[in-house]
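Participant:
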Amino acid sequence: MRVQKESFDTSAEAARLTQGSTNIGALVTFTGLCRDDGGALAALEIEHYPGMAEAEIHRAALEAASRWPLEAVLAVHRYGLIRPGEPIVLVVTASLHRFDAFAAASFLMDYLKTEAPFWKKRHLAGKGADDWVEAKTQDQAAAQKWRA
Amino acid sequence: MKALYFAWVRERIGKAEEEIVPPENIKTVAELMAWLSGQGENYAAAFAHIRTMRAALDRTHVKHDALIQNAREIAFFPPMTGG
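Keeping their order, the protein sequence lines are chains A and B. Residue 1555, in my numbering, is where the first sequence stops; the numbers in between run on with no holes. Residue 330, in my numbering, is where the second sequence stops; the numbers in between run on with no holes.
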């Protein structure tokens, strides 16, 4: 599990994670990208709580591994200035069967969005003040369903 | 204890961290937020929406009724928007 400023390569991360494994039947990768909202956004600036961000991502991965039989799991989250088209977050899960890999990846993303201490600020392309992205109730609801 | 502020809480207060010495009768996170909001206009603005604000004691999420006890670090921040 990593928190880093640098970009990452999804394929390379997945290949490294599964290297040497011969019993993985399902590999799920999710990559969250910075979008420009139809040209409105120049960049995202992601602030994080050093120490706690790593701890929460680690906790999320441990919980995923305790809920589903995973052969491998990886989560990477970036901070700092991120341009449209660049990756922000990566979740990779590997298991014997697709159900567990899909579910664990979905759980990890829901958890990261609502529990990991990261905040996005939008730098706009045109005029207008930079603003902080507001938390979405649908993300809260998605995370809540795993606790039911 | 050390107080940390993130995102617009940090911007409104005007600093990322500081040492705070709350009065001894402050026992919970909610009481500390109420006390901090009285420390100046910038703090009042930062703690204007206390109900939606999140807090962490020694890097663990806590609810507002949590006891501060011997925590060394408390952080205040808006709901998270990572991912």
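Ideal Cβ placement from N, Cα and C applies to all residues, glycine included.
1. Would you say the region 1424-1438 of chain A touches the region 1491-1507 of chain A, given that touching needs at least three Cβ pairs under 8 Å?
2. Could you confirm whether any beta carbon from chain A is found closer than 7 Å to the beta carbon of residue 254/B?
3. Residue 1411/A bridges to which residues according to DSSP?
4. Name the residues in the region 1441-1462 of chain A whose C-beta lies less than 9 Å from a C-beta of chain B; which are they?
5. How is the alpha helix (DSSP H) around residue 1433/A delimited, first residue to last?
6. Secondary structure at residue 1418/A, three-state DSSP: helix, strand or coil?
7. With burial defined as no fewer than 16 other Cβ atoms inside 10 Å of the residue's Cβ, what is the status of residue 283/B: buried or exposed?
8. Report the residue from 1474/A, 1512/A, 1553/A, 1463/A whose alpha carbon sits nearest the alpha carbon of residue 1409/A.
9. So within the region 263-321 of chain B, which uninterrupted alpha helix (DSSP H) runs reach at least 4 residues, ignoring any that extend past its ends?
10. For residue 1528/A versus residue 1537/A, is the C-beta distance shorter than 7 Å?
11. Quick check on DSSP: helix, strand or coil for residue 1450/A?
12. Return no unless some Cβ of chain A is closer than 7 Å to the Cβ of residue 326/B.
13. Under 7 Å, do residue 303/B and residue 322/B count as touching if we go by C-beta distance?
14. Would you call the CB atoms of residue 1496/A and residue 1439/A closer than 7 Å?
15. Using a Cβ cut-off of 7 Å, which residues of the region 1482-1512 of chain A contact any Cβ in chain B, in chain order?
16. So what's residue 252/B in DSSP terms, helix, strand or just coil?
17. Note down the Cα distance separating residue 1555/A from residue 299/B, rounded to an integer number of angstroms.
18. Using a Cβ-Cβ cut-off of 7 Å, state whether residue 1525/A counts as contacting chain B.
19. If I follow the unbroken beta strand (DSSP E) through residue 1501/A, where does it start and stop?
20. Assign residue 1419/A to buried or exposed, taking buried as 16 or more other Cβ atoms, counted over all protein chains shown, within 10 Å of its Cβ.
21. Quick check: the Cα distance between residue 254/B and residue 1476/A, rounded to an integer number of angstroms?
22. Taking only three categories from DSSP, how would you classify residue 1510/A?
23. What residues from chain B crowd round residue 1540/A, counting only those whose CB sits closer than 7 Å?
Facilitator: Based on what the coordinates show:
1. Put simply, the region 1424-1438 of chain A touches the region 1491-1507 of chain A. At least three CB pairs are less than 8 Å apart.
2. As a position in the second sequence, residue 254/B is number 7, starting the count at 1. Chain A contact via Cβ: present.
3. Position 4 of the first sequence, counted from the start, is the residue given in the question as residue 1411/A. Bridge partners of residue 1411/A according to DSSP: 1485/A.
4. Residues passing the 9 Å Cβ filter: 1453, 1454, 1455, 1456, 1458, 1459, 1460, 1462.
5. The residue given as residue 1433/A occupies position 26 in the first sequence. Bounds of any alpha helix (DSSP H) do not take in residue 1433/A; it lies within the beta strand (DSSP E) bounded by 1433-1440.
6. Translated into the one-based positions of the first sequence, residue 1418/A becomes position 11. Helix, per DSSP.
7. Reading the second sequence from its first residue, position 36 is the one you call residue 283/B. Residue environment for residue 283/B: buried (at least 16 other C-beta atoms within 10 angstroms of its C-beta).
8. The residue given as residue 1409/A occupies position 2 in the first sequence. Per the Cα distances, 1463/A.
9. If we require 4 residues or more, the alpha helix (DSSP H) runs fully inside the region 263-321 of chain B come out as 276-283, 288-293.
10. Indexing the first sequence from 1 puts residue 1528/A at position 121. Indexing the first sequence from 1 puts residue 1537/A at position 130. Judged by beta-carbon spacing, residue 1537/A lies within the 7 Å limit of residue 1528/A, meaning their Cβ atoms are closer than that value.
11. In the first sequence, residue 1450/A corresponds to position 43, counting from 1. Under the three-state reduction of DSSP output, residue 1450/A falls in the strand class.
12. Your numbering for residue 326/B matches position 79 in the second sequence. Cβ-Cβ to chain A under 7 Å: yes for residue 326/B.
13. Locating residue 303/B in the second sequence gives position 56, where the first residue counts as 1. Locating residue 322/B in the second sequence gives position 75, where the first residue counts as 1. At a Cβ-Cβ threshold of 7 Å, residue 303/B and residue 322/B count as neighbours.
14. One-based indexing of the first sequence puts residue 1496/A at position 89. One-based indexing of the first sequence puts residue 1439/A at position 32. Contact flag set, yes.
15. So the list reads 1484, 1496, given in the order they occur along the chain.
16. In the second sequence, the residue the question calls residue 252/B occupies position 5. In the structure shown, residue 252/B sits in a strand (DSSP, three-state: E or B).
17. Your numbering for residue 1555/A matches position 148 in the first sequence. Your numbering for residue 299/B matches position 52 in the second sequence. When rounded, the distance between both Cα atoms is 22 Å.
18. Indexing the first sequence from 1 puts residue 1525/A at position 118. With 7 Å as the cut-off, residue 1525/A counts as an interface residue toward chain B.
19. Residue mapping note: residue 1501/A aligns to position 94 of the first sequence, counting from 1. Element bounds for residue 1501/A: 1494-1502.
20. Taking the first sequence and counting its residues from 1, one reaches residue 1419/A at position 12. Burial call: exposed.
21. Within the second sequence, residue 254/B is the residue found at index 7, counting from 1. Within the first sequence, residue 1476/A is the residue found at index 69, counting from 1. Note on geometry: alpha-carbon atoms of residue 254/B and residue 1476/A lie some 36 Å from one another.
22. Counting from 1 along the first sequence, the entry for residue 1510/A is found at position 103. Residue 1510/A falls in the helix class under three-state DSSP.
23. Within the first sequence, residue 1540/A is the residue found at index 133, counting from 1. Within chain B, the residues whose beta carbon sits less than 7 Å from that of residue 1540/A are 328, listed in sequence order.
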